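All remarks here apply to the structure that follows.
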Amino acid sequence: MSDKFFFKGKKEKKPKHSSYGFNTKRAAKAGTEESPFLLLVNTPVRKAEIEQILQENNLIAKIEVKADVSENIAELEGFLNKPKTITVVAQPQRNEPCPCGSGKKYKKCCA
1 MSDKFFFKGK KEKKPKHSSY GFNTKRAAKA GTEESPFLLL VNTPVRKAEI
51 EQILQENNLI AKIEVKADVS ENIAELEGFL NKPKTITVVA QPQRNEPCPC
101 GSGKKYKKCC A
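Just so you know, we're using the UniProt record's numbering here: the sequence shown kicks off at 1 and counts up by one.
And the structure:
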């Protein structure tokens, strides 16, 4: 008798390589040897300043000095000025002990 009426599911097993393992499609992190920043500066003095910033933050970049082109360090500024995650301390629940140390419940002390 065929399994056409009673079988639920796939007849072929799913190949293992597609369900787990090394992720080959990940993006390389900017500022590393694999994906260095591409920066343009106007003067060698400015290049030295940028190299100092890169050393402090352990980053890698390819810096070109061109006097006739406007400066372009947007990649570096975007990486350095990333917004920080804000964490908020949760307020205690009504029946928990009060954080002031009185020993009373929060609802009878500081609520």
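The beta-carbon is built from N, C-alpha and C at its ideal position, and this holds for glycine as well.
For clarity, every value in this text was computed on a predicted model and none was experimentally measured.
Euclidean distance between Cα positions of residue i and residue j
{"i": "K29", "j": "G101", "result": "46 Å"}
{"i": "L38", "j": "G78", "result": "13 Å"}
{"i": "A27", "j": "S35", "result": "9 Å"}
{"i": "Y106", "j": "V89", "result": "15 Å"}
{"i": "D68", "j": "T43", "result": "10 Å"}
{"i": "K108", "j": "E51", "result": "58 Å"}
{"i": "Q93", "j": "K84", "result": "27 Å"}
{"i": "N81", "j": "N57", "result": "12 Å"}
As assigned by DSSP and simplified to three states, the class of residue i
{"i": "V65", "result": "strand"}
{"i": "V41", "result": "strand"}
{"i": "K29", "result": "coil"}
{"i": "K105", "result": "strand"}
Beta-carbon separation (whole angstroms), residue i vs residue j, contact threshold 8 Å
{"i": "T32", "j": "I73", "result": "Not really, about 17 Å apart at Cβ, beyond 8 Å."}
{"i": "E71", "j": "L40", "result": "6 Å"}
First and last residue of the uninterrupted alpha helix (DSSP H) at residue i
{"i": "A74", "result": "74 to 80"}
Contact between the segment 37 to 51 and the segment 59 to 66 (3+ Cβ pairs under 8 Å): yes
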